[in-house]
Structure formats: C-alpha cells, structure tokens
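Straight run, no breaks: the sequence shown in my numbering ends on number 358.
Beta carbons: idealized from backbone N, C-alpha and C, even for Gly.
One structure is given here, and the rest of the page talks about it.
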Amino acid sequence: MNFKVIEWKNGKVKLLDQTRLPQEIVYLELDDYKSMATAIQEMRIRGAPALGLAAAYGMALGAQESNTQTKEEFLRHLQVVAQALIATRPTAVNLPWAIERMERVAASAGNVPQIKAALIAEARRLEAETEASDRRLGQWGAELIPDVATVLTHCNAGTLATGGYGTALGVIRAAAEQGKRIRVFADETRPLLQGARLTAWELVQYKIPVTLITDNMAGHFLSRGEIQCVIVGADRIAANGDVANKIGTYPLAVVATENGVPFYVAAPTSTIDLSLASGKEIPIEERASEEVTHFRGVATAPEGVEVANPAFDVTPHQYISAIITEEGIVREPYGDRLKKLMFFAQGREAND
Ligand code: MRU
Numbered sequence: 007m008n009f010k011v012i013e014w015k016n017g018k019v020k021l022l023d024q025t026r027l028p029q030e031i032v033y034l035e036l037d038d039y040k041s042m043a044t045a046i047q048e049m050r051i052r053g054a055p056a057l058g059l060a061a062a063y064g065m066a067l068g069a070q071e072s073n074t075q076t077k078e079e080f081l082r083h084l085q086v087v088a089q090a091l092i093a094t095r096p097t098a099v100n101l102p103w104a105i106e107r108m109e110r111v112a113a114s115a116g117n118v119p120q121i122k123a124a125l126i127a128e129a130r131r132l133e134a135e136t137e138a139s140d141r142r143l144g145q146w147g148a149e150l151i152p153d154v155a156t157v158l159t160h161c162n163a164g165t166l167a168t169g170g171y172g173t174a175l176g177v178i179r180a181a182a183e184q185g186k187r188i189r190v191f192a193d194e195t196r197p198l199l200q201g202a203r204l205t206a207w208e209l210v211q212y213k214i215p216v217t218l219i220t221d222n223m224a225g226h227f228l229s230r231g232e233i234q235c236v237i238v239g240a241d242r243i244a245a246n247g248d249v250a251n252k253i254g255t256y257p258l259a260v261v262a263t264e265n266g267v268p269f270y271v272a273a274p275t276s277t278i279d280l281s282l283a284s285g286k287e288i289p290i291e292e293r294a295s296e297e298v299t300h301f302r303g304v305a306t307a308p309e310g311v312e313v314a315n316p317a318f319d320v321t322p323h324q325y326i327s328a329i330i331t332e333e334g335i336v337r338e339p340y341g342d343r344l345k346k347l348m349f350f351a352q353g354r355e356a357n358d
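Okay, structure coming up:
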C-alpha cells in the first residue's frame with residue numbers, strides 16, 4: 007500500500023488530502039497550527055484516531071511557531087493552540103485526548119527548546135502506537151468473523167481514519183489475512199461519501215472484494231440474510247457503552263438487531279470517554295448546510311431550502327453486540343467492563 011495519512015517531515019506536517027480521494031492523491035504541507043485547524047475543519051484529514059494524530063502534530067507545529075524563551079509564556083501560547091485545535095470538531099474524543107497528552111509532555115519537559123523537541127517526538131510516538139494498537143484490535147476482532155462472511159461497514163474506519171492499520175477495516179483486513187473468505191458491503195455514507203470515496207478505495211487496494219451500496223439499501227440486504235455481521239468505528243463511547251459514530255450508524259444498528267445480525271463497534275480505548283455517563287451527553291457536530299444541498303460545488307437541492315446536517319448519531323448500547331478494542335472484546339453489561347478495560351489500558355500506557 008502506497009500512501010501515508012500524516013507524517014512529520016523537515017519541520018512540517020505532510021498530510022494526504024482526503025477530500026481529493028479517490029480521484030487524486032494530493033499531499034498538503036502544513037507549517038502552522040492554524041492551517042492544521044483549517045485542514046481538520048475541512049475534513050482533509052478525518053476519522054477519530056487520525057484526528058488525534060492531526061491534533062498532536064498541530065500542537066508540535068504550534069510549538070515551533072513561538073519565539074518566546076520563558077516556559078510560562080510558552081505554555082500559555084500552547085493553550086491557545088490547543089483551544090484552536092479542540093474547537094475544530096467536537097464529537098471525536100481522540101482530539102482532546104491527544105491534546106491533553108501533548109500538554110502533559112510539554113509541562114514535564116525542561117526548557118522551551120526541549121519542549122519543542124519533546125512534542126514532535128510524542129506525536130511520532132502516538133503515530134507508532136496507533137499502528138500497533140490497531141493491529142492488536144484487528145486480531146481480537148477477527149475472532150468474531152465467520153470463516154466465510156459478508157461484512158457491512160459504514161463510513162470509513164480504515165487506515166485513512168486512523169493513520170494505522172484501521173479499526174473496523176483493520177478487523178476485516180486481519181480476518182482476510184488469516185485466510186477467511188471475506189466480502190464487504192460498503193455504505194456510500196451520505197453526505198460526504200466516506201464509504202464510496204475512501205472505504206471502497208482502501209478495500210480495492212487491499213484486494214478485498216467490496217460491493218458499494220447507497221445507505222438506504224442496507225436494510226434490504228440485512229433482511230435477506232445476505233450480511234453476516236456489521237462492523238463500524240466510533241467517535242466517542244460513553245461509560246454505559248452508547249456509541250457516537252457517523253450519521254446513519256444508529257438506524258443500521260436497529261435494522262441489524264431486528265434481523266438478528268451481530269452489530270460490532272471497533273475502536274481504540276482512546277475513543278472511550280468514561281466522563282460521560284451516556285450517549286445523551288456526547289456533543290454532536292452540526293456541519294454546513296452546503297454539504298447536504300451541494301456535492302463538490304454542484305447544487306442537488308432547491309436554493310434556500312432548510313437543512314439539518316448532524317455529522318454523527320448515537321447508537322444506544324443495547325444494539326451493540328460487542329465493542330472491540332486493542333485490549334480485548336467487551337460485551338453487555340458495558341458499564342463495569344469498560345471501566346475495567348480502561349484500567350488495563352492505563353496500566354499499559356504507564357508501562358510503555
Ligand atoms: O466525519 P468523519 O469522516 O471524521 O467521521 C468518521 C467516522 O464516523 C468514523 O467511523 C470514526 O471516526 C471511526 S474512525 C476509525
């Protein structure tokens with residue numbers, strides 16, 4: 007596979023512009039945190055774990071931009087950078103999670119030049135950890151996939167969404183690499199077509215058979231027994247197991263459950279937010295109406311029509327057969343089990 011989602015190169019961040027896929031492979035070079043914030047807002051990089059990486063590299067960029075030599079002033083500048091990055095996309099918790107991690111590193115490093123170097127090193131470490139964690143998650147998840155299966159997925163939870171091996175697509179890839187005969191149905195994922203543009207593109211490259219469907223076809227195939235399981239990613243998982251993911255995930259979970267098809271969520275522990283009791287507390291990003299009324303500048307609706315454009319929905323935990331993480335698989339009752347899982351994850355972080 008011949009693409010890199012994001013990397014630090016010669017004092018700049020190089021990132022693959024996902025808005026241009028699949029037609030063009032275009033890399034952007036960013037050298038200031040404000041352009042990183044804009045790139046995130048415009049979804050040139052997207053997907054919860056990849057947003058964490060983008061935020062981490064954004065902090066490293068913001069650090070290079072300051073000329074101050076006093077640590078207090080420098081840390082105040084970093085807070086401004088952090089706020090600008092956090093404000094870009096509110097639903098994926100990986101973004102504030104990665105920023106907090108960078109802030110801890112900054113606070114514990116010595117002088118300003120040392121902090122600047124430590125932030126670059128930490129962003130790179132996070133990138134390497136993502137790859138390793140995705141691969142562990144993929145191995146756990148592959149156990150749940152039958153030897154011969156058609157798997158339905160929504161949005162894009164692959165390499166493009168994590169910068170690593172992928173989460174939902176990581177499970178699918180691991181199962182295929184184990185010799186299981188896997189076929190994927192990919193929802194196109196209105197309005198921005200992450201399924202059609204990104205998931206289908208990735209799967210073609212991995213040579214995993216993929217059939218593209220529009221979102222409103224999923225129920226048809228689920229009701230006919232043509233899908234053995236559904237796997238999606240997540241942007242934030244509340245303490246009770248409720249999951250926020252790309253808009254359209256919730257109806258998919260309901261129809262899967264109605265038809266007795268297992269519905270799995272694959273996400274790293276950095277997506278779990280135990281500070282929120284339930285999915286009702288997860289902030290849902292509302293995006294520009296043009297994303298619904300237009301596609302790439304072409305109008306598809308009457309001018310001036312009222313539009314709603316929530317980017318995510320919340321799937322209540324009772325519809326989720328299992329949550330697959332890098333630390334293992336969790337099932338109902340989620341409350342205590344997620345808490346235990348996070349305890350293990352924090353232990354691993356402390357030992358690394
Ligand atoms: O709006 P996006 O494209 O950032 O939404 C992405 C999703 O909803 C993904 O399913 C989620 O972030 C998990 S990515 C491993």
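Query, Result
"Sequence-distant residues of the same chain with beta carbon closer than 7 Å to ASP279, five excluded per side", "VAL99, ARG242, ILE243, ALA244"
"Nearest-angstrom Cα separation, counted from GLY170 out to ALA138", "8 Å"
"Rounded C-alpha distance that separates LEU347 from GLU312", "43 Å"
"Residues bridged to CYS235 (per DSSP)", "VAL157"
"Buried versus exposed, by CB contacts within 10 Å (16 or more), ILE31", "exposed"
"Own chain residues within Cβ distance below 7 Å of ALA333, not counting five before or after", "The amino acid occupying residue 333 in the given sequence is Glu; Ala does not appear at that position. The residues are THR275, LEU347, PHE350, ALA351."
"Boundaries (first-last residue) of the alpha helix (DSSP H) holding ILE288", "Run containing ILE288: none; DSSP gives neither H nor E here."
"C-beta contact flag for PRO28 and ARG203 at 8 Å", "yes"
"beta-carbon VAL420 near ligand 1 non-hydrogen atom, thresh 7 Å", "The structure shown does not extend to residue 420, since the chain is modelled only from 7 to 358, so the question has no answer here."
"Contact check, ALA174 vs GLY239, beta carbons under 8 Å", "yes"
"PRO55 beta carbon near ligand 1 (any heavy atom closer than 7 Å)", "yes"
"Beta-carbon contacts of ILE233 that lie in its chain and below 6 Å, excluding the five residues immediately before and after", "THR156, LEU158, PHE227, VAL267"
"Sufficient close CB pairs (3 or more, under 8 Å) joining the segment 146–156 to the segment 32–47", "no"
"When GLU78, LEU57, TYR256 are compared against GLY116, the one with the closest alpha-carbon", "GLU78"
"Rounded straight-line distance, which links the Cα of THR76 to that of VAL86", "16 Å"
"ILE126 versus ASN357 - alpha carbon distance", "21 Å"
"GLY310, DSSP secondary structure in three states", "coil"
"Beta bridge counterpart(s) of LEU21 as assigned by DSSP", "ILE12, LEU34"
"Start and end residues, beta strand (DSSP E) containing THR218", "Before going further, note that residue 218 is Leu rather than Thr in the sequence given. Run containing LEU218: 216–219, per the beta strand (DSSP E) assignment."
"Closest Cα partner of ILE214 within the set PRO119, GLY185, GLU292, SER327", "GLY185"
"Cβ-Cβ separation, GLN24 to ARG95 (assumed contact under 8 Å), whole Å", "With 8 Å as the limit, ARG95 and GLN24 do not qualify as a contact, their Cβ atoms being about 14 Å apart."
"Proximity test, ARG52 beta-carbon vs ligand 1 heavy atom, cut-off 7 Å", "yes"
"Option nearest TRP146 by Cα separation, candidates THR299, ALA317, ALA273", "ALA273"
"Reference THR195; option with closest CA among GLU128, GLU71, PRO257", "PRO257"
"Cα-Cα separation between ARG130 and ASP140, rounded to whole angstroms", "16 Å"
"Near ligand 1: ASP38 beta-carbon under 7 Å from a heavy atom", "no"
"ALA351 in three-state terms, based on DSSP", "helix"
"Sheet register partners of THR331 (DSSP bridge)", "GLY334"
"Any non-hydrogen atom of ligand 1 closer than 7 Å to ASP241 Cβ", "yes"
"For ALA245, three-class secondary structure by DSSP", "coil"
"Beta carbon of VAL298 nearer than 8 Å to that of ALA305", "no"
"GLN47: CB within 7 Å of a non-hydrogen atom of ligand 1", "no"
"Sequence-distant residues of the same chain with beta carbon closer than 6 Å to ARG337, five excluded per side", "ALA328"
"Heavy atom of ligand 1 within 7 Å of CYS235 beta-carbon", "no"
"ALA259 vs ILE330 beta-carbon contact at 8 Å", "no"
"Bridge partner(s) assigned by DSSP for ALA305", "HIS300"
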